[in-house]
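Participant: When the count follows the working numbering, it moves up by one through the sequence shown with no breaks and lands on 509 for the last residue. All C-beta atoms, glycine included, are put in the ideal place defined by N, C-alpha and C. Dropping the structure in here first, questions after.
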Amino acid sequence: MARRIPFEDTLTLEDILSKDLELLFVGYNPSPYAVEKGHYYARKSNRFWEDLREVGLVPRVLRGLNEDLELLEFGIGLVDVIKRPTPNIDDLSKEDFKQGLKRIDGILREYHPKIVCFNGLGLLRMYEKSGNPPEGTRVCGLPSSSPRVIGMKEQRLEALREIKKRIDLLRSN
């Protein structure tokens, strides 16, 4: 399971990171449920893990204990823009996002992922306005895997298929 670490007056999920990842997913922030379970995208109604398997980024759905940490074996990492857990993103302020996006820039400079993908097109738009990715890092996004986002499964899968193609191309060079 992703380690739960202290953050301000609560717990949050530790980033799943290593140097030179092929792909880094960036989410909004962890839900209290995900922190309680110690697992990113813990709700079964969130399609994140199923979608990764469906397009071939991982060989199986990684919902079991400690399985989210296995992402690193596939060259994939996970972080959140904002580490403070909330039930929904409406509980987050513009300042939270401003500081969080600066944090993401720092992570990108330190870890040098080849592709960074924002899990949520709103996040991607925010980052495009204020972010400063390092040269050589491709930035993209996909419709959120949250169950609150209805009717976007095919668009999300298509975006993930494009990412998979790009990773396959990177691996072949």
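Tell me the start and end of each unbroken alpha helix (DSSP H) in the stretch 380-422 that is at least 4 residues and wholly inside, in chain order.
Facilitator: Entirely contained in the stretch 380-422, the alpha helix (DSSP H) runs reaching 4 residues are, in chain order, 384-391.
Participant: DSSP three-state call for L357: helix, strand or coil?
Facilitator: L357: coil per DSSP, three-state reduction.
Participant: Span of the beta strand (DSSP E) holding L444?
Facilitator: Premise fails: L444 lies in the alpha helix (DSSP H), 430-447, not in any beta strand (DSSP E).
Participant: How far does the alpha helix (DSSP H) with V485 in it extend, from its first residue to its last?
Facilitator: Where V485 is concerned, there is no enclosing alpha helix (DSSP H), given that its DSSP letter is neither H nor E.
Participant: Going by DSSP, which residues form a beta bridge with N365?
Facilitator: Partner(s): none; N365 has no beta bridge.
Participant: Are the beta-carbon atoms belonging to L414 and L407 less than 8 Å from one another?
Facilitator: Yes.
Participant: Taking M462 as the reference, give the member of D345, R339, V362, D351 with the closest Cα.
Facilitator: Of the listed residues, the one whose Cα sits closest to M462 is V362.
Participant: Since I believe L349 is in contact with Y376 (beta carbons under 8 Å), could you give me their beta-carbon distance rounded to a whole number of angstroms?
Facilitator: Rounded, the Cβ-Cβ distance is 6 Å, consistent with contact.
Participant: With G477 as the anchor, note down where its beta strand (DSSP E) starts and where it stops.
Facilitator: Its beta strand (DSSP E) spans residues 474-478.
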